[in-house]
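Structure first, then comments.
Residue numbers (our numbering), protein chains in the order written: chain A, 7 to 348; chain B, 7 to 348; chain C, 7 to 348; chain D, 7 to 348; chain E, 7 to 348.
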């Protein structure tokens, strides 16, 4: 805030790490993997017969990013978005490249949802991928490139761009599955044991679904914009595949909508269970009090010390009082039985 | 997940079964039914004067599907959708065919709603239908073809495609009827006996309506897209019929919307009944306690053992106390009567 | 269900009655009323200088409808909609006629809302009206034709079509008035005496408003479509009047929306009244118990039988205890008064 | 209802009053005010160099309105809307005039919102204003005309039409202010003293906001339509001012939306306060009962009349029992203190 | 209200202060700061090679504003909006200038959100900024101009306009952060100590979010309109930056939407916690009453004074009664333990 627009400023929480650059060059027959490279080794402008997947890990190295920006002639506003890890999903088309920001979502070892900033730049024959951490959701894709499985090796950079996006979106389904599982667990708990903690976790879930919607929902529209784009960087063939990604995005958005309604239902169910519990508590109290308070009164009457209480001196007084009290007891039981409180 | 896009991967839960192919060829005068056929026996490309209904049951036989894909030159992405039993409804137009995925919904013997994946490919003179199980909602249509009733025998493949879709959509009404019936039953139960289980079933219903909406709602828009399509595969005449299907879809969507609101009303009604019950319980308690606690106090007073309590020795003490107590009792009854608690 | 599309199948509950046909022919100077006519007597195709209002009562006579369809060359899909009494409102334009389905709504003698299926076909110089029962909302219109009041006698079939539709829509206002009246009554009852039955009737009302919306809401859009239509059957002059009908429809939809929100408010008000009642009940209980339980305790203390209880033998013990108890009683009263519970 | 469309029928509740006509003619230099005029004195068709504000008060004089309609050649459908005091806001363009219906809203002496029907017809050089009562919101405007302040005297009839509409919309802000004030008062009352009457008034408020929305919300769109209109009656210059009116309408609609949400929040707050009160009541009851019921039990034990109760004969029995009871009393107080119930 | 449209009337609450004018002229090499200037010193129409930031502080000096309006030939309607501090955000394009109203939002020293009216006029080579108070959010921008950091010194007035708007929007994020912080604090309090005051503050928060939405939400659309504008005042280059501002606006709107849902969740959580507390209170009451009322009854029975009560004279009567009472006590404890109430 307060900085000039277009200033390359890292927004994340992993300051000080150096950016690491790796490159995979491939065509149908060749495969070249360079684990760690220097910026100077890559010629971004020479038209290549290879497709290059250039991977930048670590976004806090502002000098590196600025240097890369100079070499690739990427607009400073784009560089700013690349390192702004709070940037919401977006796709912008420029003359020579298409730039996109997405959120990679995956579960960490504690089964918590991790959201990682991902920026991608599609150029003529290369895709530059910017990510904060080494972890990503692209291992399957790397495997496919190495093993030549699928179409990936026979197609160009636009297909690589699509394949990366597809991997990101595919992983959203894992997250949805996780959310679904949590909803089901909460459903059981609401039914069995609706403690205050369950209510709290339902609200947590609602918040998480809201956050996911924010990170995922824009993607559908962005892909739609790519489909309508007239950029020469994306072939008609690849658009066919992008349409598939769009389908997935629609499905994901629908699921999130449904999860939202289900979490609201959960809360409703919780409140209704609470009411039920309260009803039960009140019934116990009412039954106990309604039965024994009148009986106590009767006992109290014959505990009075008046000189002239003929009942006290009658021989059958005591058993008669017991009789009356038992009759009242049974009467109340029948009454509550009829009301279905017992 | 993690697979290359366009890979034909069965997503359902019925692995290992072989696909069975059957064919019905017909025109106005001829009818040819082949119960079980080999793939090789069908020539998908020869323009035929017959209309062919090609039925594939069983989607886990990936080799078979791939082979069929090769013969029909159906796009691998389409094949992927055909065997992806989780695919949401979609219609895609290609140059030589129109491809659609729908959900067949029917009630099983336990009156549970079953959702079955259905894929259809409309070609020049044939419709290929892909389904997971032998069960389907097309028996009436088969009968009509056999008995030459209606228009079906006099029209082409596009009409067959419509008729299949029409049968699917018609069956949605059966499901709606079932939902409606459940809502009415729940209404009665909420009124008569609002147990926790009823609340649970209302929430179940809400979830089911949400799920149905997801499976059914897209169909309306898809049919709309067919109506706007300029594909030569669908004649203007058939579009007239499709408009009817679209009308039905609109009606179904409206019904689902109404069912959703009604299930929310049910929950509201349930909560209001719970409140009512609680009120009733509390009234019983309050009446019993308010009447007998003061009376018990009076009895207690005259159970005290002070040496100097002149009332105790008065001859009329005891009957007077009884009189006071009865007066208080009657007073309370009148009070509660006035408050309409009795 | 399961029938071939375009099959003329009566869907209502009044099987077996014969259709009755009546005709009113009129122009500015002539008026010809035929109460009961045979189908054969009408020539549907001869261009007439008269405007004909052809009224068909009874839709279960499938033979009659089919015969009429043949004579008028109405599309079988339209015939299907004519006898399908569950058909939602629709307007379809064909080359030679415009077809519409609407719901006539009126109150029966028990002040219940009756919904009657109405189909109308506008042809060059006639309007064919299909209705299930003799009852309808067109008596005022018939009167106007007979008495030559208004414009009706000087205009053509399109104006008649409009006038019929206008009568249907005008009657919706009667229904709205009825709903409004019920809401006001329920408001009073919720305030005065919120029994469970009132909650039930609020829910009934909500359901009825939902159902009305479904039957009425589409009309607005349908009329809009007529206004945009380029059919030569509707003159520019009549469109001016149709715009008025559309205005009414907008107003009706807005009212229904407001009634919906008001019925939700009613339920809220009901719940808040229930809470209030509960609060009141609890206050009575709390006041009674809080006052008398401690007093009873004190009485209990001096009812104990210890040998050495000096207070019991003090001459002023008894009046002092009474004093303490009265002081406590007054103290509690003041306490509850301060809390505004009394 | 049941009347022929286009019949001029007064719909209000002030039957029998005669319509009164007054005219203000003005241009930059001249000002001519005629308090009461006869219809015959006005020439509606002669093109005038003056701008005329023709004011008709009283709409139940159907003969007068009909006569005026004949003289001005206003369409009968428009006349019908002019006298239909239930007509919702609308603007219709005709070849020679633009017709609008609006609701004047103002507060009466009891601070109740009064809604008055207002119809305006903009012609070449005059605006005819139809209102039910002498009261209106145009006094400021009249003053401006008389005192030559602002632009009004230098501009034509379209500016007058705008100025009238502007006065109507400006007064909506007064109403909003009033609503806002009521919301703030209710907020205080909900917080201080949430009686049933407050809930009732919140619901009243909600209803009133709904009604206002219905009367005000359409104006925004209507003005938008005027802005898009190509009628020669409205100059480009005046449209600049109309855009301002539209801005106000947007603001008003937003405010109404916010008031709606705030009244819903009020109800929520009310319910939460009710719950709080209930909690407080229950705590008092629970504390009193939990403390004194066990103590009473102990007193009861030593009130028993068994022959062999050694404690009774112990010299220290009585003080020990008191000690136990006081200890229990203090224990309970500490317990409730810890639970923060005290 | 009641004033003629286009009258310059100050609407704020800081009457009587004189307007203060300051000017910053700059190009890439030159920087000229004039702290306090007279209106006459500025030539608004001479095309300048410098970019001028003209700052007007204080809007209640109507004479000054009117004079400035005359010199700059700004439309009186615009002047009216400039001094109308209640004006909602708007952007209007005129031939020679673009006019915008926004709300500057910042936190004051009490951490309350302050909303300040801001009007800006973009002309050929200058931007006139109107603000009520000396305080603003532009210090960072002034610094950048002075220190030549960023692009600002190398670009024209349109970039200055963008930079000002960017500073305003950037500050919205500070406000969002503040809201977010308050939500988190309330979440904790709802969980720990749900007093009535917390409910009140949740409602306050909801109201504040509503108000913010009203002030912020329109900006997104306004910037969108600037992006579509064909005015020559805004270069294509600057539009690239405006697109960024629009992105921020979208993000802000989404956040506000989420905060709204979260504040509703807070209220739900509060209500559910209240229910929980009530349940707990009721359980304590029920347990205490259910255990001791029956025991007191038993004690009462043996406090009766009948002559013939054989138990009283049995030697083991007293210990047996104690045994029974302890057994009942333990029985009840087990019962409540099983119900998980303890």
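Beta carbons are placed, not taken as given, at the ideal position from N, Cα and C, and that holds for glycine.
- Taking C-beta atoms under 8 Å as the contact rule, residue 308 of chain B and residue 327 of chain B qualify, at a distance of about 6 Å.
- Excluding its 5 nearest sequence neighbours in each direction, residue 62 of chain A has C-beta neighbours in its own chain below 6 Å: 25, 27 and 136, listed in chain order.
- In the structure shown, residue 57 of chain A adopts extended strand secondary structure according to DSSP, grouped into three states.
- Partner residues in a beta bridge of residue 213 of chain E, as assigned by DSSP, do not exist.
- For residue 47 of chain C, the three-state secondary structure derived from DSSP is helix.
- The beta carbons of residue 133 of chain B and residue 177 of chain B sit about 18 Å from each other, so the pair does not count as a contact at 8 Å.
- Under the criterion of beta carbons closer than 8 Å, residue 233 of chain E and residue 248 of chain E qualify as touching, at roughly 6 Å.
- Taking a contact as a CB-CB distance under 8 Å, the pair residue 119 of chain A and residue 214 of chain A counts as one, their CB atoms being some 7 Å apart.
- With at least 16 other beta carbons inside 10 angstroms of its own, residue 209 of chain B counts as buried.
- Among the residues facing chain D, residue 283 of chain E is included, as its CB has a counterpart in that chain under 7 Å away.
- Membership of residue 169 of chain D in the alpha helix (DSSP H) is indicated by the continuous run 163-198.
- At a cut-off of 7 Å, the C-beta of residue 209 of chain A has a neighbouring C-beta in chain E.
- Residue 69 of chain A sits exposed, since fewer than 16 C-beta atoms from the chains shown fall within 10 Å of its C-beta.
- Fewer than three beta-carbon pairs drawn from the segment 80-99 of chain B and the segment 231-245 of chain A are found closer than 8 Å, and the two stretches are therefore not classed as touching.
- Residues of chain A whose Cβ lies closer than 8 Å to the Cβ of residue 274 of chain E are, in chain order, 209 and 273.
- A direct Cα-to-Cα measurement between residue 338 of chain E and residue 122 of chain A gives close to 56 Å.
- Excluding sequence positions up to five before and after residue 204 of chain D, its CB lies within less than 7 Å of the CB of 192, 195, 196 and 276, all in the same chain and listed in chain order.
- The alpha-carbon separation between residue 271 of chain C and residue 258 of chain B amounts to approximately 28 Å.
- Nearest neighbour of residue 238 of chain C by Cα position, chosen from C:155, C:147 and C:128, turns out to be C:128.
- Take residue 104 of chain D, set aside five residues on each side of it, and the residues of its chain with a beta-carbon closer than 8 Å to its own are 97, 98, 127, 128, 167, 232, 235, 237, 239 and 240, in chain order.
- The shortest CA-to-CA distance from residue 124 of chain D to any of D:47, D:150 and D:112 is the one to D:112.
- Residue 298 of chain C is positioned such that its CB atom lies closer than 7 Å to that of residue 300 of chain B.
- Distances from the CA of residue 95 of chain A to each of E:254, E:266, E:199 and E:171 were compared; the closest alpha carbon is that of E:254.
- Not one beta carbon of chain E lies nearer than 7 Å to the beta carbon of residue 223 of chain D.
- At a cut-off of 7 Å between beta-carbon atoms, residue 323 of chain E makes contact with chain D.
- Within the segment 63-138 of chain C, the complete beta strand (DSSP E) runs of at least 3 residues fall at 96-99, 104-113, 119-128 and 132-137.
- Under the Cβ distance rule, residue 278 of chain E counts among the residues neighbouring chain A, one pair being separated by less than 7 Å.
- By the Cβ-count criterion, residue 269 of chain C is buried, with 16 or more other Cβ atoms from all chains shown falling within 10 Å of its own Cβ.
- For the segment 11-45 of chain A, the beta-carbon criterion of a distance under 9 Å to any beta-carbon of chain E is satisfied by 11, 12 and 13.
- For residue 332 of chain E, the enclosing alpha helix (DSSP H) has its first and last residue at 323-344.
- Shown here for residue 164 of chain A: same chain residues with a beta carbon closer than 8 Å to its own, the five before and five after excluded, namely 128, 239, 240, 241 and 244 in chain order.
- For residue 153 of chain A, there is no enclosing beta strand (DSSP E); the residue is part of the alpha helix (DSSP H) that begins and ends at 145-153.
- By the CB criterion at 7 Å, residue 64 of chain C and residue 23 of chain C fall inside the cutoff.
- A buried status is given to residue 281 of chain B, since no fewer than 16 other beta-carbon atoms sit within 10 Å of its beta-carbon.
- In the structure shown, residue 348 of chain A falls within a coil segment according to DSSP collapsed to helix, strand and coil.
- The secondary-structure analysis by DSSP pairs residue 29 of chain A across a beta bridge with A:40 and A:60.
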